[in-house]
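K.L.:
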Amino acid sequence: MRVLVVEDEVELAEALGVGLRREGYAVDVAFDARGALERFAVAPYDLVLLDLNLPDGDGLTVCADMRRAGGPQPRVLMLTARDSLEDRVRGLDEGADDYLVKPFAFPELLARVRALLRRDADATRAVVEAGPVRLDAAARTVTVSGEPLALTAKEFALLRYMMLHPGEALSTEQLLDHVWDEHADPFTNTVRVTVSNLRRKLRDAGVDGIIETVVGFGYRLEAVS
Ligand code: CA
Numbered sequence: 000m001r002v003l004v005v006e007d008e009v010e011l012a013e014a015l016g017v018g019l020r021r022e023g024y025a026v027d028v029a030f031d032a033r034g035a036l037e038r039f040a041v042a043p044y045d046l047v048l049l050d051l052n053l054p055d056g057d058g059l060t061v062c063a064d065m066r067r068a069g070g071p072q073p074r075v076l077m078l079t080a081r082d083s084l085e086d087r088v089r090g091l092d093e094g095a096d097d098y099l100v101k102p103f104a105f106p107e108l109l110a111r112v113r114a115l116l117r118r119d120a121d122a123t124r125a126v127v128e129a130g131p132v133r134l135d136a137a138a139r140t141v142t143v144s145g146e147p148l149a150l151t152a153k154e155f156a157l158l159r160y161m162m163l164h165p166g167e168a169l170s171t172e173q174l175l176d177h178v179w180d181e182h183a184d185p186f187t188n189t190v191r192v193t194v195s196n197l198r199r200k201l202r203d204a205g206v207d208g209i210i211e212t213v214v215g216f217g218y219r220l221e222a223v224s
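Residue numbers 0 to 224, in numbering that gives the first Met the number 0, belong to the letters of the sequence shown in order.
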């Protein structure tokens, strides 16, 4: 799941980035409206955390511009210091899915993020299964035949993305776009290394061959039920 944080308070933006990455999300940060629209134009996001008061404009305008741009639309969670009914109504009218009034507690933000992503029922089911492998995104656990499997945040995010797209050939670029953030160097072998570690852990847990290599393209998770 890839998240764009749009927030001009640098400390808050960075804290959100660190906290969300720790939960396994791929996170990019923009500090103003222009930066947000630039990133939105080049990367697919599943969710945007959008501050309303930006130095070069209004978050609501950013939201409306993103909605007008078409294409796959992210969920939008407004972050606002204004707790006025009028602002909230306007925000929801402009296409925001939910809002959070500052200051907020990080666990509440995480819960809202999970709830919004859960709304995309098919794409973000909390619990997904592939044969003996069961991944619970809400609990952040993976089990193989009921036995817990310890994965890094990136391995977890990669496995989850693949389990949400069983049987599909997923290109390395697509995996980079959805599982990594803009700091991932597309010319490194980070995807290959993470897949290789994930395969080894799965194999050690007794599941072999579930992730196939699609030569010259990427990977495919075997569609098993
Ligand atoms: Ca602000």
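Glycine included, each C-beta is placed from N, C-alpha and C at the ideal position.
Looking at Glu-8 and ligand 1, is the gap between the Cβ and the nearest heavy atom below 7 Å?
P.N.:
Glu-8 Cβ: within cutoff of ligand 1.
K.L.:
If we count the other Cβ atoms within 10 Å of its Cβ and call it buried at 16 or more, is Asp-27 buried or exposed?
P.N.:
That one is buried.
K.L.:
Which runs of the alpha helix (DSSP H) fall wholly inside the stretch 67-103 and span at least 4 residues, in chain order?
P.N.:
With a minimum length of 4 residues, the continuous alpha helix (DSSP H) runs that stay inside the stretch 67-103 are 84-92.
K.L.:
Measure the CB-CB distance between Leu-259 and Arg-111 and report whether it falls below 8 Å.
P.N.:
The structure shown does not extend to residue 259, since the chain is modelled only from 0 through 224, so no value can be given for it.
K.L.:
State yes or no: is the C-beta of Leu-53 nearer than 7 Å to some heavy atom of ligand 3?
P.N.:
This structure simply doesn't include ligand 3; it includes ligand 1 instead.
K.L.:
Just to confirm my understanding: we take Leu-150, look at its own chain, exclude 5 residues before and 5 after, and list those with CB closer than 8 Å. What are they?
P.N.:
Excluding sequence neighbours, Leu-150 sits near Val-141, Leu-158, Leu-197 and Lys-200.
K.L.:
Counting along the chain, where does the alpha helix (DSSP H) carrying Ala-12 start and finish?
P.N.:
Where Ala-12 is concerned, the enclosing alpha helix (DSSP H) stretches over 9-21.
K.L.:
Work out the CA separation of Arg-66 and Asp-184 for me, nearest whole Å.
P.N.:
So the two alpha carbons sit approximately 29 Å from each other.
K.L.:
For Asp-50, is the beta carbon positioned less than 7 Å from some heavy atom of ligand 1?
P.N.:
The answer is yes for Asp-50.
K.L.:
Anyone know if the C-beta pair for Asp-55 and Arg-33 falls short of 8 Å?
P.N.:
Yes, the Cβ-Cβ distance between Asp-55 and Arg-33 is below 8 Å.
K.L.:
Gly-166 by DSSP, collapsed to three states: which one?
P.N.:
Note: Gly-166 maps to coil in three-state DSSP.
K.L.:
Give me the residue from Leu-148, Gly-130 and Ala-63 with the minimum Cα distance to Ala-138.
P.N.:
Among Leu-148, Gly-130 and Ala-63, the Cα nearest to that of Ala-138 belongs to Leu-148.
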